[in-house]
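What follows is a single structure, written as structure tokens, with notes after it.
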Amino acid sequence: MAKKLLVVRNDKIGDFMLAWPALACLKSASPAPHVTVLVPSYTAPLAHACPWVDDVIIDPGPQANKAAQKGLIESVKAARFDAQLTLFSTPRIGWLGFRAGIALRVAPATKWAQLFYNVRIRQRRSRSEKPEYQYNVDLACALLARLSLTLNTLPTPPFWPLADIRRIEQRQWLEGATEAPSSARLIVVHPGSGGSAVNLSVDQYAALIERIEHQVNGSTTHWLISAGPGEEAGAQSLIDRLKSNGIGARRLPASTSVAEFAQQLAGTDMLIAGSTGPLHIAGCLNIATAGFYPAKRSATPLRWQTCNGADRRLAFSPPASADQQDMAAIDIDAAARQISALLDG
Numbered sequence: 014m015a016k017k018l019l020v021v022r023n024d025k026i027g028d029f030m031l032a033w034p035a036l037a038c039l040k041s042a043s044p045a046p047h048v049t050v051l052v053p054s055y056t057a058p059l060a061h062a063c064p065w066v067d068d069v070i071i072d073p074g075p076q077a078n079k080a081a082q083k084g085l086i087e088s089v090k091a092a093r094f095d096a097q098l099t100l101f102s103t104p105r106i107g108w109l110g111f112r113a114g115i116a117l118r119v120a121p122a123t124k125w126a127q128l129f130y131n132v133r134i135r136q137r138r139s140r141s142e143k144p145e146y147q148y149n150v151d152l153a154c155a156l157l158a159r160l161s162l163t164l165n166t167l168p169t170p171p172f173w174p175l176a177d178i179r180r181i182e183q184r185q186w187l188e189g190a191t192e193a194p195s196s197a198r199l200i201v202v203h204p205g206s207g208g209s210a211v212n213l214s215v216d217q218y219a220a221l222i223e224r225i226e227h228q229v230n231g232s233t234t235h236w237l238i239s240a241g242p243g244e245e246a247g248a249q250s251l252i253d254r255l256k257s258n259g260i261g262a263r264r265l266p267a268s269t270s271v272a273e274f275a276q277q278l279a280g281t282d283m284l285i286a287g288s289t290g291p292l293h294i295a296g297c298l299n300i301a302t303a304g305f306y307p308a309k310r311s312a313t314p315l316r317w318q319t320c321n322g323a324d325r326r327l328a329f330s331p332p333a334s335a336d337q338q339d340m341a342a343i344d345i346d347a348a349a350r351q352i353s354a355l356l357d358g
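Note that our numbering has the sequence shown beginning at 14, numbered continuously upward.
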């Protein structure tokens, strides 16, 4: 019988996307385990779409009432998991696995929540010595070893594999919906931050796009501006600014869920954004990414690197001479040159 695993990554969208390489490792093991993820409701559509996930349990969150918390414990206990892998632990989640009677409980050795786990892996993530997704892969491999499951080869990008026909269909739909020429590069710019990371200003994004427009060779570029809930005004401001400078840009068509938004990205050539959920969705899809990061130790481009191929990602942050979060200090001219070169490559 397949081992039943509960994997917990119940915080933001970007964090969950960086768990996909670890989930791929688990499902690629032999014999393949049954993988259930515990996620909040807003990442559940992505969890259901993940090819490495068999089942999804919704975490009602730390603010939920006692009845909801009890119901969660009962659901986890009834599933009779063989092991729990917690990629980011809190005391509530540690207590959940303990109370549900999961025999093997693996988590990073951080803070006092580690007391609820019987396998603690020391990682020191705050040092940002490797990408977040690699820390997650290390935990997954540690769990597989303890379950005597074999992983012959580490999975490689794309971690969200889609059939070519699906990508072609999505691209054709986007071209029709946005009146893009079939020969154009479709580039999505996401100027919002979701409140989780600093980002470039609208003026910086406008300047970046203008410079790329003047530098790319060959086919034309078609700019699509995306926005999350509450970010629509910033997206429209960027569109208006570009229009005043003679550059056409459109809103990325509205989507009904974050999973549908991801499918749209699959039909594009590049996403340009801050270190947010959309950037990491694009990374899983293995489309080209250009990310803008602060320079602080816990949020470096290395730590929050996208998990697409190395030849498909660019990262920019303030120079050492500037304040760590001074995004205005990023050299937009240099960024535009590198992005243009990647598009022309």
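We treat Cβ as the ideally placed atom computed from N, Cα and C, and that holds for glycine.
Exposed or buried, residue i, counting other C-beta atoms within 10 Å across all chains shown (16 or more means buried)?
| i | result |
| --- | --- |
| asparagine 299 | buried |
| glutamine 185 | exposed |
| arginine 316 | buried |
| alanine 126 | buried |
| methionine 340 | buried |
| threonine 56 | buried |
| isoleucine 181 | exposed |
| glycine 243 | exposed |
| glutamine 76 | exposed |
| asparagine 165 | exposed |
| asparagine 258 | exposed |
| arginine 135 | exposed |
| alanine 240 | buried |
| alanine 275 | buried |
| leucine 128 | exposed |
| lysine 25 | buried |
Let me make sure I understand the geometry here. Which of the options has the alpha-carbon closest to that of residue i?
| i | options | result |
| --- | --- | --- |
| alanine 342 | Pro332, Ala348 and Trp236 | Pro332 |
| proline 170 | Glu273, Met30 and Asp72 | Met30 |
| glutamate 192 | Arg93, Ala272 and Pro266 | Pro266 |
| alanine 210 | His235, Leu292 and Glu182 | Leu292 |
| arginine 140 | Arg350, Ala354, Lys309 and Ser330 | Lys309 |
| threonine 234 | Pro242, Gly241 and Ile222 | Ile222 |
| alanine 295 | Leu39, Tyr55, Leu59 and Leu51 | Leu59 |
| leucine 19 | Leu36, Gln276, Ala279 and Arg198 | Leu36 |
| tryptophan 173 | Ala220, Ala32, Pro121 and Ala153 | Ala32 |
| serine 41 | Ile238, Gly241, Gln136 and Leu162 | Leu162 |
| arginine 179 | Asp68, Arg133, Ser195 and Ala279 | Ala279 |
| lysine 143 | Ser54, Gln318 and Leu152 | Gln318 |
| glutamate 273 | Ala190, Ser250, Gln183 and Ser311 | Gln183 |
| proline 168 | Gly322, Leu355 and Ser334 | Gly322 |
| serine 43 | Leu251, Gly189, Cys154 and Ser250 | Cys154 |
| asparagine 131 | Phe329, Leu156 and Asp67 | Leu156 |
| serine 311 | Glu87, Arg137, Gly27 and Lys124 | Arg137 |
| alanine 10 | Ser206, Trp236 and Val271 | There is no way to answer for residue 10, as the model of the chain reaches only from 14 to 358. |
| aspartate 28 | Ser330, Phe329, Cys320 and Ala335 | Cys320 |
| leucine 160 | His227, Ala15 and Ala354 | Ala15 |
| serine 330 | Asn212, Leu355 and Phe129 | Asn212 |
With a Cβ-Cβ cutoff of 8 Å, do residue i and residue j count as a contact?
| i | j | result |
| --- | --- | --- |
| alanine 158 | proline 204 | no |
| glutamine 337 | proline 314 | no |
| threonine 289 | valine 201 | no |
| glycine 304 | alanine 286 | yes |
| glycine 231 | aspartate 357 | yes |
| leucine 284 | threonine 269 | no |
| lysine 79 | proline 46 | no |
| glutamine 97 | arginine 112 | no |
| lysine 83 | glycine 114 | no |
| alanine 352 | leucine 327 | Checking the displayed sequence, the identity of residue 352 turns out to be isoleucine instead of alanine. Yes. |
| valine 215 | arginine 254 | yes |
| tyrosine 218 | proline 34 | no |
| alanine 81 | proline 73 | yes |
| leucine 175 | glutamine 277 | no |
| leucine 85 | leucine 109 | yes |
| isoleucine 71 | valine 52 | yes |
| isoleucine 225 | alanine 349 | yes |
| cysteine 38 | valine 150 | yes |
| isoleucine 238 | arginine 198 | no |
| arginine 22 | valine 50 | yes |
| glycine 107 | alanine 120 | yes |
| arginine 105 | alanine 122 | no |
Opposite residue i in the DSSP bridges: which residues?
| i | result |
| --- | --- |
| histidine 47 | Lys17 |
| valine 132 | Val119 |
| leucine 36 | In DSSP, leucine 36 forms no bridge with anything. |
| phenylalanine 329 | Phe305 |
| isoleucine 71 | Val52 |
| isoleucine 238 | Val202 and Arg264 |
| threonine 99 | Val21 |
Counting only runs of 4+ residues fully inside the segment 187-236, write out the alpha helix (DSSP H) ranges in chain order.
215-228
Completely contained alpha helix (DSSP H) runs for the segment 267-317, where each covers 4 or more residues
271-278 and 290-298
Only counting runs of 4 or more residues, tell me where the alpha helix (DSSP H) segments fall wholly within the segment 130-171, in order along the chain.
145-159
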